[in-house]
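Q: If you read the protein sequences in the order shown, they are chains A and B.
Under the numbering used here, the first residue of the first sequence is numbered 1, with each subsequent residue one higher.
Under the numbering used here, the first residue of the second sequence is numbered 1001, with each subsequent residue one higher.
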Amino acid sequence: MTTIRPIKTEKRSRVSQRADSIAPSGIRKFFDLLASMDGVISLGVGEPDYATPWRMREAAIYSLEQGRTMYTSNLGTPELRQELSRHLEQRYGLKYDPATEILITIGVSEALDLAMRATIDPGDQVIMPAPCYVAYPASVSLSAGEPVMIPTVEASNFEIDAADIEAAITPRTRAILSGYPANPTGAVMPREKLEAVAEVARRHDLLVMSDEIYSRLVYGIEHTCFAALPGMQERTVLLGGFSKAYAMTGWRIGYAAGPREIIAAMTKIHQYTIMCAPTMAQVAALEALRGGEESVLEMVADYNRRRKLIVKGLRDIGFSCFEPKGAFYAFPNITISGMSSEIFAEKLLQEEKVAVVPGTAFGACGEGFVRCCYATSLPELEEALVRIRRFVNKHRT
Amino acid sequence: MFNKEILKILERDGKLTPGQIAAMTGSTADEVGKAIKQAEDERAIVKYKALINWDKVGNEHVWALIEVKITPQRDVGFDAIAERIYRFDEARTVYLMSGTYDLAVLVEGKSMQEVAEFVTRKLAPVEGVTGTTTHFVLKRYKEDGEIMAGKEEVKRQAVIL
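1. List the residues of chain A whose Cβ lies closer than 7 Å to the Cβ of B/E1152, in chain order.
2. Contact between the region 255-273 of chain A and the region 101-115 of chain A: three or more CB pairs below 8 Å?
3. Listing by chain order, which chain A residues have their CB less than 7 Å from the CB of B/G1019?
4. Kindly indicate if chain A contains any beta-carbon less than 8 Å away from that of B/G1162.
5. Can you give, in chain order, each stretch of the alpha helix (DSSP H) that sits fully within the region 1060-1104 of chain B and has at least 4 residues?
6. Show which residues of chain A have a CB atom less than 8 Å away from the CB atom of B/I1009.
7. Could you tell me which of A/Q350, A/S377 and A/C365 sits nearest to A/A35, measuring between CA atoms?
8. Counting only runs that start and end within the region 137-189 of chain A, where is the alpha helix (DSSP H) found for 4 or more residues in a row?
9. Run the CB neighbour count on A/K244, radius 10 Å, all protein chains shown included, and call it buried at 16 or more, exposed below.
10. I believe B/V1126 touches B/A1064 by the beta-carbon criterion, under 8 Å. Please report the beta-carbon distance rounded to the nearest angstrom.
11. In whole angstroms, what is the alpha-carbon distance linking B/R1121 and B/R1074?
12. What are the boundary residues of the beta strand (DSSP E) that includes B/D1055?
13. Between the C-alpha atoms of A/Y96 and A/E47, what's the straight-line distance to the nearest angstrom?
14. Quick check on A/G44: does DSSP put it in helix, strand or coil?
15. Please classify B/V1057 as buried or exposed, where buried requires at least 16 other C-beta atoms within 10 Å of its C-beta.
16. Establish whether the CB of A/E47 and some CB of chain B are separated by less than 8 Å.
17. If you follow the beta strand (DSSP E) that A/T236 is in, where does it begin and where does it stop?
18. Relative to the C-alpha of B/N1053, which candidate in B/E1011, B/G1026 and B/R1140 has its C-alpha closest?
19. Is the separation between the beta-carbon of B/F1069 and that of B/Y1048 shorter than 8 Å?
20. Buried or exposed: where does B/K1155 fall if 16 or more other Cβ atoms within 10 Å of its Cβ makes it buried?
21. Am I right that A/L94 and A/A227 are in contact with their C-beta atoms under 8 Å? What's the rounded C-beta distance?
22. Beta-carbon within less than 7 Å of B/G1019's beta-carbon, same chain only, minus the 5 sequence neighbours each way: which residues are those?
23. Out of A/T72, A/R305 and A/G123, which has the shortest C-alpha to C-alpha gap to A/E382?
24. When the Cα of A/A345 is compared with those of A/A168, A/R5, A/V40 and A/M299, which residue comes out closest?
25. Just to confirm the assignment, what range does the beta strand (DSSP E) spanning A/M128 have?
26. On the DSSP letters alone, give me the boundaries of the alpha helix (DSSP H) that A/D316 sits inside.
27. Since A/C373 sits in a beta bridge, which residues does DSSP pair it with?
28. A/E159 and A/A187 look like a contact to me (Cβ under 8 Å); what is the Cβ gap, rounded to whole Å?
29. Compute the Euclidean distance between the alpha carbons of A/G250 and A/V148, then round it to the nearest angstrom.
30. In the DSSP assignment, what are the bridge partners of B/F1002?
31. Which whole-angstrom value describes the C-beta separation of A/S341 and A/V370, a residue pair presumed to lie in contact below a C-beta threshold of 8 Å?
32. Give the DSSP bridge partners of B/T1132, in chain order.
33. Should the region 318-335 of chain A be called in touch with the region 275-291 of chain A, which here means at least 3 C-beta pairs below 8 Å?
34. Quick one: Cα of A/E58 to Cα of A/D49, how far?
35. Taking DSSP's pairing of strands, which residues face B/E1108 in a bridge?
36. With distances taken Cα to Cα, identify the nearest neighbour of B/I1147 among B/T1071, B/E1117 and B/L1051.
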């Protein structure tokens, strides 16, 4: 008699290993709690509190009236690429061919995803400073790469150190992913420190993905564009967008500018997945570049006032809080509370109805910090500070 | 030299305290207080006032914009006649204009009749005034940069990373 071997019945997950490998948000419970509460002052949301200036909205409405409802070129409208090319040249002295070196995307998020998928092979490592925006490590993992986080610290103003990057380089290192001004810290890299990182990238022949979505939101200093550093344009993919500076988050318009072969590879993926960015949103973005400068300056001046107010307010409460020079986030050190970031955020929400984001959402090295977005009205900011002070005094040991 | 940043902040919201403005500008409350005092003394800050939407209050006052044509006078040009007009309590705003008329006078009155009386009895007879055209304000949509119906509500999700 022959024996029948049992058939292996282990069931394969319906979810791909790659999707499964992405860490779920550690603050899901916190989000759910927030959704169920009324009267919350939210310092959690990372977007301007302005509606898009009317001239951009009007341009989009007009384009719809004119029946501009069809696809555009995969790369984006020629007018928008041309204007972006002019804009980047004026601002940074960079020359990009609008026909081959600029791609219009669905927000900078898509540009980031495309940049990774177009350049990363399985096992490639991408070095990034942390704490960092949640999509950075995820975008690398989704491209089957391996994110390598380099912790930055408050004492060094959350700036990256070229030596730390160099120490992390291995034969598998493919690129550096940098995002300054930074989310969640508001840190900005001084030019000389960025030059040192660029030098490491050149010496080790690494690509640089530079997320410059917050480039217009800097206070009292000039933004240094990674691609504009000597010898960097040919190895940098500049990722930008309209969401933050022009208060156009919901329009989902971003772009990538970079070496021709990388933009071509990104465009291939883009054309098979997205096809093209929405036409009316591209029209609004064009109007933003042509006539939105004044509103950018007004908003930046306003954010700057709120920035000073919140940093002073947080320090008066007793937190140590380095001075953020960009974006619209303050990143106070909350260790005097004796709580972890997550517990602090959760209790603050429950007891005082103020929502902040735990620093750990942006990487393990964010422990001990919370992110406070100050793009909210002045009375709300002041009330939030009153509530945070009451909360801290209550729990001070 | 005036501190333009402080003036801009106050222009938007005259209720802010020197302490609040100090936090927003990175200066001390004392410095802000001094800057405000200087601006008040030199009439760079002319007045603090609230922008009221009288339609909501149920006020029955009427407003009229009156175009006034005048004959300029030797040496003083339009200024002497303009001064005579802006001295009237009814004249809330007076501008010298280019174009088809010379002065724009915004007048407030309890009724259309009261405004008409002001124009016919006081304004038109002023020596040098050669003509008036009265336009009554039917509805104020926007005033001093503010949309009277209220600020646009920006609806945001509470947390998006």
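The beta carbon of each residue, even a glycine, is placed where N, CA and C say it ideally should be.
All of these numbers come straight from a predicted model, not from anything done at the bench.
A: Judging by the given coordinates:
1. Under the 7 Å cutoff, chain A gives A51.
2. yes
3. Per Cβ cutoff of 7 Å: no residues; B/G1019 is ~10 Å from chain A at best.
4. Since the first residue of chain B shown is 1001 and the last is 1161, residue 1162 of chain B is not available in this structure.
5. 1079-1086
6. R305
7. A/Q350
8. DSSP runs (the alpha helix (DSSP H)) wholly in the region 137-189 of chain A: 162-168.
9. buried
10. In fact, because the Cβ distance is near 17 Å, the residues do not count as touching under 8 Å.
11. 26 Å
12. Segment W1054 to V1057 is the alpha helix (DSSP H) holding B/D1055; no beta strand (DSSP E) there.
13. 29 Å
14. coil
15. exposed
16. Taking Cβ atoms only, chain B reaches closer than 8 Å to A/E47, which makes this a yes.
17. T236 to G241
18. The residue with the shortest Cα to Cα distance from B/N1053 is B/R1140.
19. A small fix is needed here, since residue 1069 of chain B is Lys in this sequence, not Phe. In this structure, B/K1069 sits away from B/Y1048, with a CB-CB distance that is not shorter than 8 Å.
20. exposed
21. About 6 Å separates the two Cβ atoms, so the contact holds.
22. A1029, listed in sequence order.
23. When A/T72, A/R305 and A/G123 are compared, the shortest CA-CA separation from A/E382 is found for A/R305.
24. A/V40
25. Element bounds for A/M128: Q125 to A130.
26. E293 to I317
27. A/Y329
28. 6 Å
29. 31 Å
30. Answer by DSSP bridge pairing: none, since B/F1002 is not bridged.
31. Contact annotation, A/S341 with A/V370: C-beta distance approximately 6 Å; criterion of less than 8 Å satisfied.
32. B/V1068
33. no
34. Roughly 19 Å between the two C-alpha positions.
35. B/W1063
36. B/L1051
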